[in-house]
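Everything below concerns the one structure shown next.
There are 8 protein chains.
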Amino acid sequence: MELNVYLAGQIHDNWREELRQLADEEQLPLYFFGPMENHSRSDNIGEEILGKQYDAVLKDEAASSFNNLRTEILMQKADVVIALFGEIYKQWNTAMDAGAAAAMGKPLILIRPADLHHPTKELVNKANVVVETKEQAIQALSYVFETD
Amino acid sequence: MELNVYLAGQIHDNWREELRQLADEEQLPLYFFGPMENHSRSDNIGEEILGKQYDAVLKDEAASSFNNLRTEILMQKADVVIALFGEIYKQWNTAMDAGAAAAMGKPLILIRPADLHHPTKELVNKANVVVETKEQAIQALSYVFETD
Amino acid sequence: MELNVYLAGQIHDNWREELRQLADEEQLPLYFFGPMENHSRSDNIGEEILGKQYDAVLKDEAASSFNNLRTEILMQKADVVIALFGEIYKQWNTAMDAGAAAAMGKPLILIRPADLHHPTKELVNKANVVVETKEQAIQALSYVFETD
Amino acid sequence: MELNVYLAGQIHDNWREELRQLADEEQLPLYFFGPMENHSRSDNIGEEILGKQYDAVLKDEAASSFNNLRTEILMQKADVVIALFGEIYKQWNTAMDAGAAAAMGKPLILIRPADLHHPTKELVNKANVVVETKEQAIQALSYVFETD
Amino acid sequence: MELNVYLAGQIHDNWREELRQLADEEQLPLYFFGPMENHSRSDNIGEEILGKQYDAVLKDEAASSFNNLRTEILMQKADVVIALFGEIYKQWNTAMDAGAAAAMGKPLILIRPADLHHPTKELVNKANVVVETKEQAIQALSYVFETD
Amino acid sequence: MELNVYLAGQIHDNWREELRQLADEEQLPLYFFGPMENHSRSDNIGEEILGKQYDAVLKDEAASSFNNLRTEILMQKADVVIALFGEIYKQWNTAMDAGAAAAMGKPLILIRPADLHHPTKELVNKANVVVETKEQAIQALSYVFETD
Amino acid sequence: MELNVYLAGQIHDNWREELRQLADEEQLPLYFFGPMENHSRSDNIGEEILGKQYDAVLKDEAASSFNNLRTEILMQKADVVIALFGEIYKQWNTAMDAGAAAAMGKPLILIRPADLHHPTKELVNKANVVVETKEQAIQALSYVFETD
Amino acid sequence: MELNVYLAGQIHDNWREELRQLADEEQLPLYFFGPMENHSRSDNIGEEILGKQYDAVLKDEAASSFNNLRTEILMQKADVVIALFGEIYKQWNTAMDAGAAAAMGKPLILIRPADLHHPTKELVNKANVVVETKEQAIQALSYVFETD
Chain W
1 MELNVYLAGQ IHDNWREELR QLADEEQLPL YFFGPMENHS RSDNIGEEIL
51 GKQYDAVLKD EAASSFNNLR TEILMQKADV VIALFGEIYK QWNTAMDAGA
101 AAAMGKPLIL IRPADLHHPT KELVNKANVV VETKEQAIQA LSYVFETD
Chain F
1001 MELNVYLAGQ IHDNWREELR QLADEEQLPL YFFGPMENHS RSDNIGEEIL
1051 GKQYDAVLKD EAASSFNNLR TEILMQKADV VIALFGEIYK QWNTAMDAGA
1101 AAAMGKPLIL IRPADLHHPT KELVNKANVV VETKEQAIQA LSYVFETD
Chain H
2001 MELNVYLAGQ IHDNWREELR QLADEEQLPL YFFGPMENHS RSDNIGEEIL
2051 GKQYDAVLKD EAASSFNNLR TEILMQKADV VIALFGEIYK QWNTAMDAGA
2101 AAAMGKPLIL IRPADLHHPT KELVNKANVV VETKEQAIQA LSYVFETD
Chain V
3001 MELNVYLAGQ IHDNWREELR QLADEEQLPL YFFGPMENHS RSDNIGEEIL
3051 GKQYDAVLKD EAASSFNNLR TEILMQKADV VIALFGEIYK QWNTAMDAGA
3101 AAAMGKPLIL IRPADLHHPT KELVNKANVV VETKEQAIQA LSYVFETD
Chain E
4001 MELNVYLAGQ IHDNWREELR QLADEEQLPL YFFGPMENHS RSDNIGEEIL
4051 GKQYDAVLKD EAASSFNNLR TEILMQKADV VIALFGEIYK QWNTAMDAGA
4101 AAAMGKPLIL IRPADLHHPT KELVNKANVV VETKEQAIQA LSYVFETD
Chain R
5001 MELNVYLAGQ IHDNWREELR QLADEEQLPL YFFGPMENHS RSDNIGEEIL
5051 GKQYDAVLKD EAASSFNNLR TEILMQKADV VIALFGEIYK QWNTAMDAGA
5101 AAAMGKPLIL IRPADLHHPT KELVNKANVV VETKEQAIQA LSYVFETD
Chain Y
6001 MELNVYLAGQ IHDNWREELR QLADEEQLPL YFFGPMENHS RSDNIGEEIL
6051 GKQYDAVLKD EAASSFNNLR TEILMQKADV VIALFGEIYK QWNTAMDAGA
6101 AAAMGKPLIL IRPADLHHPT KELVNKANVV VETKEQAIQA LSYVFETD
Chain U
7001 MELNVYLAGQ IHDNWREELR QLADEEQLPL YFFGPMENHS RSDNIGEEIL
7051 GKQYDAVLKD EAASSFNNLR TEILMQKADV VIALFGEIYK QWNTAMDAGA
7101 AAAMGKPLIL IRPADLHHPT KELVNKANVV VETKEQAIQA LSYVFETD
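Structure representation (structure tokens):
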């Protein structure tokens, strides 16, 4: 059995790569999907494909249509979703993806630092499991495959 | 025909009351639902019902379970969802509710100031319609009932 | 028992009003919904609510977001959908609505002149019943209530 | 990861073959499905299997039953749907398929020339992304697999 | 609380009227729906609305499209379905309706004489409850409302 | 707005009546449904309707078919489910109903004494909210309607 | 692309084997599933696994539980369902399976002799395509894979 | 064709291993999934991943979140669910899983000793097939693959 895992969250550091390495070390049969991790490409993909837009709002609308297409295709392929929240970014799209995952019946693992407990409290309650570190998220997925 | 409207968003000012008044002025057959708007009660409802918890994280977890129960019951009753985003608050639960609404096939109206276009871009793309003011949101709902 | 009926199709003549009158004459407990029938308002609703757009494409995109919001809310309320096709207009949105209705499991009545049989053939096959006149569509709905 | 792509649209030129070649050049793991592209066979398949029908309407009804069977089987297998609209043909079945795809939660890419913006405006609003050329549609799908 | 009950089965005797009377005697808040009970009208409804068809097969196809429209609308309104099987008629449409009801998650009550046990055995296994008489079917529904 | 509440749990004492009284005192617009509360009638309903069965296993199978019909009809009508667990009874059907409610997307309130925490731990985790007393369950439902 | 095909219908002759051979001759990538074709085993499977039952009704109930388990598992795996009706047997379970397939959104091919048109008319109308012979059913499936 | 089988039930003896061996002897293409069978690990997994909790209730809540994540992921992968009930344990989570499986439309095989017929009667009625031994459960699954 293999599991597809969608990784929702910010694209400002390499947390997805760290998760991949942790999973590789454990030789877990996990396939990770996620959004475009090159930030400027993610912001520019609308104009890259459709050409120059009139203003920044329309540039964002164009970009988000391709980003959401990607997310929607990959989320439907996912057996489980990991959403990561951190101190710095607004990450409304991460919260949107987490809400969508829960509503679609996709099991949801939430990673967030403990001191974010107040603004994430409804997300925490919606998730299947909540952890603070990437290592714990991998432990949670490893546990699905373990037999003793 | 009447419509149930769930109002997702922050509970720090009286924007829901303003929407209700605008709808009343237009005599629209709209029933508005939403979260508990008394902020401290919303934060304390867990301990109010279950008693003192060990720490602030658990207090939040207790409160969010009752808040999410309320949201889930009312969102299932809703024919359309309005989600409001503003400058000040994190509002991750609002984004979560918007994502859930879209995934549940509930028509979604987004209200956000234009200069929030970048952090809300995936939400904007997911919503059925996006407006900047409460008046416009009511115009959108009024339009559903108009015949010329 | 009452039935909600969504009327998909062009808004260039008063066919919906004719249907309403036929239903009234039969005293059928039918509630008819449909798109905005004032054509220029339907085209301008985006700029009416959101203000002037950059060009005609964006004006159309703005308008269609409000028109689709209306359609989506009302289609979800509908127990049965009537889609009308005629000689003159392209009515791709009518075909889109008919396809959506079938995919949502909404019973679908198609009205089309017999000589349109070739371009409508996949729609005809998808519909529950196919008729050529408004009178026949009302007969079909009347039959749902008749006991002998 | 591989993606199944259903190609809805007219069968009067070789646009599907062009898409396949573009995908091959990029070595994208895409499997394309679509309707019978031999036009006269698509029109005659009903009589080919069931024998001579009484008239042209019934010939069309017979043919469309096999065409819709094919579409329904393949659309259910699809991870994403591309619908193409052009200047010449009515293509109501394409609009029907696009409406069905959206209602089934299948991500939808729309290809249409910009000057068709008015009659396609509700379709445009329903699609996840809208492009004008086949190259752009392949770029959109390529973007789903790219990592930087 | 009221319940809508769809009555699937043959239309050759007045078993539905008997059920209605039994429910009235018990003053149960049940609303009964069902197919057209006038047999020749049910067979002729296609030609009544669409006009003369080429042959008996097409006449049947026309009639069944209106009969199935009626069934589909009413079955979607139903909270529970009663399907009756008897000795005389083939009633494949009754079995089809029962299979559809089970697949739609509609609770299903089956009425059949005990000596039909062999040909109805898969239907019996699919139904929620199986009884032999109309009185027993009403007892089953009455039990839903009773408190001691 | 009114809410239908299904009360899953043992039928050996009058806990449902206590809940009803608490709701009445608060004048909450709640409609409570539940299983047959007359225990011997619940055990005998199969033989009451179908007549004497061969043995106790078949008597139970007959009874449970009518009990499950009742539960299934009423659970589908419910906006929210309350499941109560206590010290004494096996209550496997209660746990089954709670699991079904969660899988159906029905919001779930669990009432259980704290010292049952170990055997109910997976149920606790599945429920939307968990309380220890009937008063708390009513507080949770009251909170859905409160505005400050 | 491969397709799983569930073959619903009587088990009194080798029509399934004929279909398999026709598909093999065409080298179609079809996997056929169906009920137990050994008739006496199908009737006895309940007592074979559970032991002697009290009477013929209970023997049938036991057998049908294993037959329906098989059908339900395999129908969920199927991409398309073929249901065959013939002159001799009542085949209510076939009609039940056909109704379930349609309600589950499984594309449905119906095979029936033309002179059965009257008792199968609602089934005919529910099916995606209707043919008279096994060869035609294979042609319909072959058409799904053909490109010109 | 291969089938994924989720094994719900107690983890106090090696009944799952016995089932696996029986399936191996028959060379059935079955993949068995289930909960963590190491009992103390199942109880401690919450603290193992999240660290020491305040009390036994919270320790259980932490553990059950990881256990339910595992169950939810694996149940969604399952084609059929086997639930085993025995004399000794409360097994409320087993009953919850069985209720969830039925509500999710997963075919359900129940294993229980005959003398547990009374407390399991609603579960028995909800299951597709009910047997008393592991050998019978394997016979039921073997029957799905047999052709004569």
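Quick note, the sequences are listed as chains W, F, H, V, E, R, Y and U, same order. Per this note's numbering, the first sequence starts with residue 1, numbered consecutively. Per this note's numbering, the second sequence starts with residue 1001, numbered consecutively. Per this note's numbering, the third sequence starts with residue 2001, numbered consecutively. Per this note's numbering, the fourth sequence starts with residue 3001, numbered consecutively. Per this note's numbering, the fifth sequence starts with residue 4001, numbered consecutively. Per this note's numbering, the sixth sequence starts with residue 5001, numbered consecutively. Per this note's numbering, the seventh sequence starts with residue 6001, numbered consecutively. Per this note's numbering, the eighth sequence starts with residue 7001, numbered consecutively. Just so you know, even glycine gets a beta-carbon here, dropped at the ideal spot from N, CA and C.
Checklist entry - Taking Cβ to Cβ, would you say residue 1073 (chain F) is nearer than 9 Å to residue 5080 (chain R)? => result On the second sequence, residue 1073 (chain F) is found 73 positions in, with the first residue counted as 1. On the sixth sequence, residue 5080 (chain R) is found 80 positions in, with the first residue counted as 1. Cβ atoms of residue 1073 (chain F) and residue 5080 (chain R): closer than 9 Å.
Checklist entry - Since residue 7031 (chain U) sits in a beta bridge, which residues does DSSP pair it with? => result Stepping through the eighth sequence from its first residue, residue 7031 (chain U) is reached at position 31. Answer is U:7004, bridged to residue 7031 (chain U).
Checklist entry - Starting from residue 4073 (chain E) and walking both ways along the beta strand (DSSP E), at which residues does that stretch end? => result Numbered from 1 along the fifth sequence, position 73 holds the residue referred to as residue 4073 (chain E). Taken as a continuous stretch (DSSP letters only), residue 4073 (chain E) belongs to no beta strand (DSSP E), being part of the alpha helix (DSSP H) at 4056-4077.
Item to check | Cβ of residue 3037 (chain V) within 9 Å of any chain Y Cβ | outcome: The residue you call residue 3037 (chain V) lines up with position 37 of the fourth sequence. Taking Cβ atoms only, chain Y reaches closer than 9 Å to residue 3037 (chain V), which makes this a yes.
Checklist entry - Roughly how many angstroms lie between the CA atoms of residue 2049 (chain H) and residue 45 (chain W), to the nearest whole one? => result As a working mapping, residue 2049 (chain H) is identified with position 49 in the third sequence. As a working mapping, residue 45 (chain W) is identified with position 45 in the first sequence. Distance between the alpha carbons of residue 2049 (chain H) and residue 45 (chain W) is about 29 Å.
Checklist entry - Hey, out of E:4139, E:4071 and E:4055, whose CA is closest to residue 4008 (chain E)'s CA? => result For the purposes of this step, residue 4008 (chain E) is taken as the residue at position 8 of the fifth sequence. The residue with the shortest Cα to Cα distance from residue 4008 (chain E) is E:4071.
Item to check | Closer than 9 Å to chain Y by CB, residue 7079 (chain U) | outcome: The sequence position of residue 7079 (chain U) within the eighth sequence is 79, counting from 1. Yes, residue 7079 (chain U) counts as interfacial toward chain Y.
Checklist entry - Out of curiosity, what's the CA-to-CA distance linking residue 4068 (chain E) and residue 6126 (chain Y)? => result Indexing the fifth sequence from 1 puts residue 4068 (chain E) at position 68. Indexing the seventh sequence from 1 puts residue 6126 (chain Y) at position 126. Cα-Cα distance, rounded: 8 Å.
Next on the checklist: If the criterion is Cβ atoms closer than 9 Å, does the pair residue 113 (chain W) and residue 86 (chain W) meet it?
Outcome noted: Within the first sequence, residue 113 (chain W) is the residue found at index 113, counting from 1. Within the first sequence, residue 86 (chain W) is the residue found at index 86, counting from 1. In this structure, residue 86 (chain W) lies closer than 9 Å to residue 113 (chain W) by Cβ.
Item to check | Other residues of its chain near residue 1091 (chain F): CB distance less than 8 Å, five sequence neighbours each side excluded | outcome: The count along the second sequence starts at 1 and reaches residue 1091 (chain F) at position 91. Cβ neighbours of residue 1091 (chain F) beyond the five flanking positions: 1009, 1010 and 1085.
Next on the checklist: Please list, in chain order, the chain E residues whose beta carbon lies closer than 7 Å to that of residue 6057 (chain Y).
Outcome noted: The residue you call residue 6057 (chain Y) lines up with position 57 of the seventh sequence. Here the neighbours are 4114 and 4117.
Checklist entry - Does the beta carbon of residue 33 (chain W) come closer than 9 Å to any beta carbon on chain F? => result Here residue 33 (chain W) is taken as the residue at index 33 of the first sequence, counted from 1. No - not a single Cβ of chain F is within 9 Å of the one on residue 33 (chain W).
Checklist entry - Helix or strand or just coil, what does DSSP make of residue 3023 (chain V)? => result Along the fourth sequence, one-based indexing puts residue 3023 (chain V) at 23. DSSP places residue 3023 (chain V) in helix when its eight states are reduced to three.
Next on the checklist: If you reduce the DSSP assignment to three classes, tell me which class residue 4009 (chain E) lands in.
Outcome noted: By one-based count along the fifth sequence, residue 4009 (chain E) stands at place 9. Three-state result, residue 4009 (chain E): strand.
Next on the checklist: If I follow the unbroken alpha helix (DSSP H) through residue 4138 (chain E), where does it start and stop?
Outcome noted: Along the fifth sequence, one-based indexing puts residue 4138 (chain E) at 138. Start and end: 4134-4145.
Checklist entry - What residues in its chain sit with their C-beta under 7 Å from that of residue 2047 (chain H), if we drop five residues either side in the sequence? => result Taking the third sequence and counting its residues from 1, one reaches residue 2047 (chain H) at position 47. Counting only Cβ-Cβ distances below 7 Å, and skipping sequence neighbours, we find 2053, 2059 and 2062.
Next on the checklist: Mapping the DSSP letters down to three states, classify residue 111 (chain W) as helix, strand or coil.
Outcome noted: Here residue 111 (chain W) refers to the residue found at position 111 of the first sequence. DSSP places residue 111 (chain W) in strand when its eight states are reduced to three.
Item to check | Proximal residues to residue 7001 (chain U) (C-beta, below 8 Å), its chain only, five neighbours per side dropped | outcome: Position 1 of the eighth sequence, counted from the start, is the residue given in the question as residue 7001 (chain U). Closer than 8 Å at Cβ, skipping near neighbours: 7029 and 7145.
Item to check | Boundaries of the beta strand (DSSP E) in which residue 2083 (chain H) is found, first to last residue | outcome: Within the third sequence, the letter at position 83 stands for residue 2083 (chain H). Note, residue 2083 (chain H): beta strand (DSSP E), 2080-2084.
Checklist entry - In chain H, which residues lie less than 8 Å from residue 3090 (chain V) when you measure between Cβ atoms? => result In the fourth sequence, counting from the first residue as 1, residue 3090 (chain V) sits at position 90. Correct list: 2090 and 2119.
Checklist entry - Which value, in whole angstroms, describes the spacing of the CA atoms of residue 4042 (chain E) and residue 6014 (chain Y)? => result Locating residue 4042 (chain E) in the fifth sequence gives position 42, counting from the first residue. Locating residue 6014 (chain Y) in the seventh sequence gives position 14, counting from the first residue. The alpha-carbon atoms of residue 4042 (chain E) and residue 6014 (chain Y) are separated by roughly 36 Å.
Next on the checklist: For residue 7018 (chain U), which residues in the same chain have their Cβ closer than 6 Å to its Cβ, ignoring the five residues on either side in sequence?
Outcome noted: Stepping through the eighth sequence from its first residue, residue 7018 (chain U) is reached at position 18. The answer, listed in chain order, is 7134.
Item to check | C-alpha distance - residue 4027 (chain E) paired with residue 5034 (chain R), whole-angstrom precision | outcome: Residue 4027 (chain E) sits at position 27 when you count from the first residue of the fifth sequence. Residue 5034 (chain R) sits at position 34 when you count from the first residue of the sixth sequence. Looking at the two C-alpha atoms, the distance is approximately 20 Å.
Next on the checklist: If I measure Cβ to Cβ from residue 6094 (chain Y) and keep anything under 8 Å in the same chain, skipping five residues before and after, which residues do I get?
Outcome noted: The residue you call residue 6094 (chain Y) lines up with position 94 of the seventh sequence. Here the set comprises 6008, 6009, 6010, 6083, 6084 and 6085.
Checklist entry - Given that residue 7107 (chain U) touches chain Y, what residues does it touch there, using C-beta distances under 7 Å? => result Position 107 of the eighth sequence, counted from the first residue, corresponds to residue 7107 (chain U). Here the neighbours are 6069, 6072 and 6073.
Next on the checklist: Using CA atoms only, rank isn't needed, just tell me which of E:4076, E:4123 and E:4056 is closest to residue 6064 (chain Y).
Outcome noted: Taking the first residue of the seventh sequence as 1, we reach residue 6064 (chain Y) at position 64. The residue with the shortest Cα to Cα distance from residue 6064 (chain Y) is E:4123.
Checklist entry - Across which residues does DSSP place residue 1130 (chain F) in a beta bridge pair? => result Within the second sequence, residue 1130 (chain F) is the residue found at index 130, counting from 1. For residue 1130 (chain F), which the question treats as bridged, DSSP gives the partners F:1110.
Item to check | Reference residue 6032 (chain Y), options Y:6056, Y:6039, Y:6003 and Y:6089, closest by Cα | outcome: In the seventh sequence, residue 6032 (chain Y) corresponds to position 32, counting from 1. Residue Y:6003 is the option with its Cα nearest to residue 6032 (chain Y).
Item to check | Cβ separation of residue 1137 (chain F) and residue 1106 (chain F), assumed to be a contact under 8 Å, to the nearest whole Å | outcome: Looking up residue 1137 (chain F) in the second sequence gives position 137. Looking up residue 1106 (chain F) in the second sequence gives position 106. Not really, about 15 Å apart at Cβ, beyond 8 Å.
Checklist entry - In chain order, what residues of the same chain lie with their CB nearer than 8 Å to the CB of residue 3098 (chain V), ignoring the 5 residues before and after it? => result Locating residue 3098 (chain V) in the fourth sequence gives position 98, where the first residue counts as 1. Same-chain partners within the cutoff: 3008, 3081, 3083, 3108, 3110, 3123, 3126 and 3127.
Checklist entry - Of all the options U:7104, U:7143, U:7037 and U:7024, which has the alpha carbon lying nearest to the alpha carbon of residue 7075 (chain U)? => result For the purposes of this step, residue 7075 (chain U) is taken as the residue at position 75 of the eighth sequence. The option with the nearest alpha carbon to residue 7075 (chain U) is U:7104.
Checklist entry - By the 10 Å Cβ neighbour count, where 16 or more other Cβ atoms means buried, how is residue 4012 (chain E) classified, buried or exposed? => result Taking the first residue of the fifth sequence as 1, we reach residue 4012 (chain E) at position 12. That one is exposed.
Item to check | Contact list for residue 2005 (chain H) against chain V, beta-carbon separation under 7 Å | outcome: Reading the third sequence from its first residue, position 5 is the one you call residue 2005 (chain H). Here the premise fails: no neighbours, minimum Cβ distance about 18 Å.
Checklist entry - Can you list, in chain order, the residues of its chain whose CB lies under 6 Å from that of residue 6101 (chain Y), leaving out five sequence neighbours each side? => result Counting from 1 along the seventh sequence, the entry for residue 6101 (chain Y) is found at position 101. Hits under 6 Å: 6081 and 6108.
Checklist entry - To the nearest whole angstrom, what separates the beta carbons of residue 6066 (chain Y) and residue 7006 (chain U), a pair I think is in contact under 8 Å? => result To locate residue 6066 (chain Y), count along the seventh sequence from 1; it is residue 66. To locate residue 7006 (chain U), count along the eighth sequence from 1; it is residue 6. Contact doesn't hold; Cβ gap of about 19 Å is too wide.
Next on the checklist: Suppose you measure from the CA of residue 2036 (chain H) to the CA of residue 1140 (chain F); what does that come to, to the nearest Å?
Outcome noted: Within the third sequence, numbered from 1, the residue matching residue 2036 (chain H) stands at position 36. Within the second sequence, numbered from 1, the residue matching residue 1140 (chain F) stands at position 140. One C-alpha to the other measures close to 12 Å.
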